[in-house]
Structure formats: structure tokens, C-alpha cells
Amino acid sequence: MLRCVQSKLSKQFVAIANGNQVWTLALDGSGGGVGRHKTPVVLLHGFGGGVGLWAHNLDALSQGRPVYALDLLGFGQSSRPCFPVDAEEAEEQFVEAIEQWRAQLGLESMILLGHNLGGYLATSYALKHPHRVKHMVLVEPWGFPERPSTVDHDRPIPVWIKALGAMLSPFNPLAGLRMVGPLGPTLVQTLRPDFKKKFVSMFEDNTVSDYIYHLNVQTPSGETAFKNMTVPYSWARRPMLQRVGSLRPDVPLTVVYGSRSSIDGHSAKTVKEMRRGSHVEIITIRGAGHYVYADQPDDFNQRVLEVCHQVD
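Under full-length UniProt numbering, the final residue of the sequence shown carries the number 312; numbering is consecutive throughout.
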């Protein structure tokens, strides 16, 4: 996934507590020039993802400042420990791993950018360690709204989805991928052909679907933690809108959505209402879906760079 990245790139396992390791990519920015001393951008991937999915973004974002991308604990090539069953404790373990990783690398502060689950964890981290976050960028964040107490009659959940959800509830979200064994890569290609299209300018083969398969065929550590952090159907057990209002007022926040995404951007508007005296910017990328950074990478990179220019 990284063979098309032109910038100098280092890879390492960063040791954290309890014998765990966090797989990390690092780009120093400007070939080791003045950019090395600027606040780094730290990229947190979404559920089922990994550092390779930032292939469209690493070169652009590292022009002028360091960039780090890590596989979240329990995902990718990072360690896959057992997480607590309790949702709050599982979330805390994710956040503590990020903090231990930061301390090990000696980063005083960060521009923290998270997609999907990474956006949820970035917010949780900023709530606990606000002095370490110079700016937070949430890209199509998961887990903000509360689960509706009543059925939305305009968009009722089909009976077959309810039945399937009940049948699969004892299992992890990606259990089916592991059940089919060697047919897994073909299953990814069949169910998610869009992933190949997102990276077609880089790869003509099945590199992307193979990568996604191998990310998720291993011990489902982070996946199990995520399941324990949800209630049907993939709503957060601890919705972030209940807490984000207490984020320290001087932490700037940017929320990025794709215009074609199924994620409702109303949560960002709610956050802006909650934080009237704080910097909250909402950006919509035209023509992009949920994977904004891969659907429209040039526009995404440019808008993120504009955010970064506000930070030393």
C-alpha cells in the first residue's frame, strides 16, 4: 500500500505498556528542514482500517511538517491484546495506548486527525489530554449522536436487517470475513469493489482488497472492543455528544464530511452550538463519500493543509 509514497518514510513498532506495540509510520517533513520543528499531524484510522489507507495523503500532508500514522491498538500490525468488556474501560484502553505512544515518541503536542472510530477516539483523547492537542480534525466521525429512542418513520429499518442483526449479534462485525477462510480476499472484492476504485491511480491489481483482508483476518482484538462499545445498530454505547461539550474551549475543532456520505452531519452542527465561544469549522468535500481522504484526496489534502497552516 505504501509503495507509491514518494516521501522518505520510516516504519517502527513503538513499545507501550504491558508488552504491547503500536505500528507507526513517520515522515519528518521538508526533508529534515525547518518543518521538522512544527507541530506534527497524527493520523488515526477508522474501524477495520490501517496506516496503508492514508497512501493518498502522506506525501501532501508531510510537506512542511512531520506526519505520523499509527495502527490503533487491536488493529493492523499493532498488538492485539484483550480489551475490557465494559465500553468505558475499552475506550480508556484505546486512549491510554495513544497517550503512551505519544510519550514514547516525545511529542509535546499534535494536530490530531481521526476518521470514523479514529475521530471518536481523537475526541476522547482530547477530553482527557487537551494540552496535547493543538487542533483536532474529525473526518466523518463515528459515535457522536445518541441512538434514536423511536423508529424514524421516514427511514424505517427493514425487517431483514433487524433479523440479520439479531442473528449476528453474538459475533464480531467482521466474523464472516474470517469464516470464509482463503475466500476472504474475493469476498472483500465482491462486497466492496469501491475500495479498488478509490486507489485505482496507484494500483491496478487487488492490492487494496488484499490489504483490507489481511488487516481484519487476524485476532479480532480491537474489533471485539468496538463491538462492546456499540449498541444495535452500530450506535455508540457512550455517545460523544454527551461529553464533547466539556472539551476545553481553547482546543480548535474542524469536522470534515463528504457530500455523498450517508453519515449525518447534524452532529457537527450540534457541536458548534455547544461550543459557541470556541473555534468549530465544518467542511464538506464535494463528491466524496465516507472515505473522504481517498474519494477526493486532492481536495481533502488541501483543506487539511489549510487547517495545519493555522498551527505553528
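The C-beta atom is built at its ideal place from N, Cα and C for all residues, glycine as well. Bear in mind the structure is a predicted one, so any value in this text is a computation, not a measurement.
Residue i (DSSP reduced to helix, strand or coil)
i    : result
V85  : coil
A17  : helix
W142 : coil
L247 : coil
Q12  : strand
A26  : strand
V304 : helix
I161 : Reliability of the predicted coordinates at I161 is poor, the pLDDT of 46 falling under 50, and no value is obtained from them.
G74  : coil
T39  : coil
L168 : Bear in mind that the predicted position of L168 carries a pLDDT of just 42, short of 50, making it too unreliable to give a figure here.
G258 : strand
E108 : coil
I282 : strand
T123 : helix
A69  : strand
A236 : strand
H214 : helix
V292 : helix
M1   : coil
V133 : strand
H153 : Only weak support exists for where H153 lies, its pLDDT of 43 falling under 50; the value from the coordinates is given anyway. Correct three-state label for H153: coil.
T219 : coil
L117 : helix
L174 : coil
V271 : helix
V311 : coil
V231 : strand
Local Cβ density within 10 Å of residue i, reported as buried at 16 or more and exposed below that
i           : result
D28         : buried
G287        : exposed
S209        : buried
L191        : exposed
S267        : buried
E140        : buried
A294        : buried
P252        : buried
L168        : Here L168 scores only 42 on pLDDT, less than 50, and its place in the model is too uncertain to base an answer on.
A87         : buried
D149        : Here residue 149 turns out to be Ser, not Asp, going by the sequence shown. Per the 10 Å Cβ criterion, exposed.
S201        : exposed
P182        : exposed
P249        : exposed
residue 347 : Past the boundaries of the shown model lies residue 347; the chain is included only from 1 to 312, so the question cannot be answered.
A166        : Summary for A166: the model assigns pLDDT 46, below 50, so the residue's position carries little reliability, and this model does not support an answer.
T254        : buried
S10         : exposed
E91         : buried
K8          : exposed
A17         : exposed
Candidates the options, of which the one nearest residue i by Cα
i           : options               : result
E223        : Q6, F83, S7, R303     : F83
E108        : P66, F195, L174       : P66
M71         : Q12, K128, E89        : The sequence shown places Asp at residue 71, rather than the Met named in the question. When each option's Cα is compared against that of D71, the closest is Q12.
L25         : L43, Q302, M110       : L43
L215        : A60, E89, W23         : W23
G289        : L174, I283, Y257      : Y257
V304        : I111, A90, G48, K38   : I111
K128        : F144, N301, G143, Q93 : Q93
V95         : H279, S79, S124, A15  : S124
Q21         : G48, G64, R80         : R80
M274        : M1, G245, Y211, P145  : G245
G143        : R3, I263, S278        : I263
residue 327 : H45, L2, G52          : Past the edges of the chain, shown from 1 to 312, lies residue 327, and the structure says nothing about it.
D194        : R276, V292, P145      : V292
V307        : P297, E281, P145, F47 : E281
N228        : K272, V41, V85, Y211  : V85
R276        : Y211, P297, L247      : L247
L2          : S278, A15, W54        : W54
Inter-residue CB distance, residue i and residue j (contact presumed, cutoff 8 Å)
i    : j    : result
N57  : N301 : 6 Å
Q310 : H131 : That belief does not hold up - the Cβ atoms of Q310 and H131 are roughly 18 Å apart, past 8 Å.
*Take every Cβ of the segment 107-116, pair it with every Cβ of the segment 227-242, and state whether three or more of those distances are shorter than 8 Å.*
no
*Cβ pair count under 8 Å reaching 3, the segment 239-247 against the segment 89-105*: no
*Does the segment 64-80 come within contact of the segment 210-225, defined as at least 3 CB pairs closer than 8 Å?*
yes
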